[in-house]
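Numbering (our numbering), first residue to last: 343 to 625.
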């Protein structure tokens with residue numbers, strides 16, 4: 343990967359730009375200028391979700407950015423209260439309406455149904471949701487479908503009834519949180535792994551080891567963490583509304599991390615995490 347426009351190829355042949363712009367917790371008044379600026383800088387992959395409350399703002403930015411729709415890759419996600427066969431179809435149409443689009447490039451189940459639900463209920467809900475995803479995909483309304491925060495046992499449940507295998511699993515991945523079991527499973531099934539919160543909760547910016555590596559490579563801690571994710575074959579999706587940081591993040595293609603330093607980062611601990619557990623999500 344050498345630039346923002348370089349792509350991974352999903353297991354259905356669809357190309358997806360290798361670095362995305364995250365929009366979690368970005369309100370409408372900030373998301374419109376942020377997305378437009380990111381696209382101006384060269385970003386082509388924008389990640390949003392129903393639960394972020396900013397799909398309309400992302401859609402406005404897409405309409406106003408001056409870049410043809412087909413050159414952009416837009417991801418959104420189904421929120422958990424909308425899981426189920428019919429409600430998924432309804433929620434997807436609302437997402438298209440909010441974004442002002444005719445189709446999505448990628449649609450993800452945002453979270454698996456947690457285990458606080460009775461076992462058969464969470465299994466059946468996830469399967470019914472996936473059936474709706476398959477129908478939307480086969481109808482040409484979504485170019486690729488996948489999941490977010492699904493661990494192996496959640497994916498195994500989907501596979502029991504799935505006709506179409508997920509193309510993506512988006513997971514929280516950053517130094518100190520490697521999600522090795524989930525990543526290995528996804529790769530075995532030929533799913534692309536996307537990394538949300540690739541810069542963690544900010545705690546990693548204070549780690550001496552990462553600051554030392556940033557100095558060694560004449561880069562920032564953020565660039566080191568994003569490059570680490572990229573070299574592991576993940577697709578990082580950092581969130582920022584600051585143009586200078588968008589530019590900073592886009593320069594991770596200008597250097598590489600040695601195998602020894604990759605191993606050092608792999609072994610870091612106490613770097614912070616979101617606190618969200620896929621099996622016990624409260625929403």
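Note that beta-carbon positions come from the ideal geometry of N, C-alpha and C, so glycine has one too.
| Item | Value |
| --- | --- |
| Select from 349, 617, 419, 600 the residue whose C-alpha is nearest the C-alpha of residue 488. | 419 |
| What's the gap between the Cα of residue 482 and the Cα of residue 475? | 11 angstroms |
| Can you tell me whether DSSP reads residue 519 as helix, strand or coil? | strand |
| Are residue 571 and residue 528 close, meaning C-beta to C-beta below 8 angstroms? | no |
| Give, in chain order, every unbroken run of the beta strand (DSSP E) that is at least 3 residues long and sits entirely within the region 413-475. | 415-420, 448-451 |
| Entirely within the region 532-564 and at least 3 residues each: give me those beta strand (DSSP E) ranges in chain order. | 534-538 |
| Skipping 5 residues on each side, what residues in its chain have a beta carbon closer than 8 angstroms to that of residue 473? | 427, 503 |
| Name, in chain order, the residues that DSSP records as bridge partners for residue 350. | 358 |
| Using beta-carbon positions only, say whether residue 353 and residue 532 come within less than 8 angstroms of one another. | yes |
| Is the beta carbon of residue 421 less than 8 angstroms from the beta carbon of residue 392? | yes |
| Just the Cα atoms here: how many angstroms apart are residue 602 and residue 371? | 43 angstroms |
| When the Cα atoms are used, what is the spatial distance from residue 380 to residue 415? | 13 angstroms |
| Please determine, among 440, 493, 373, 591, the residue with the shortest C-alpha to C-alpha distance to residue 535. | 493 |
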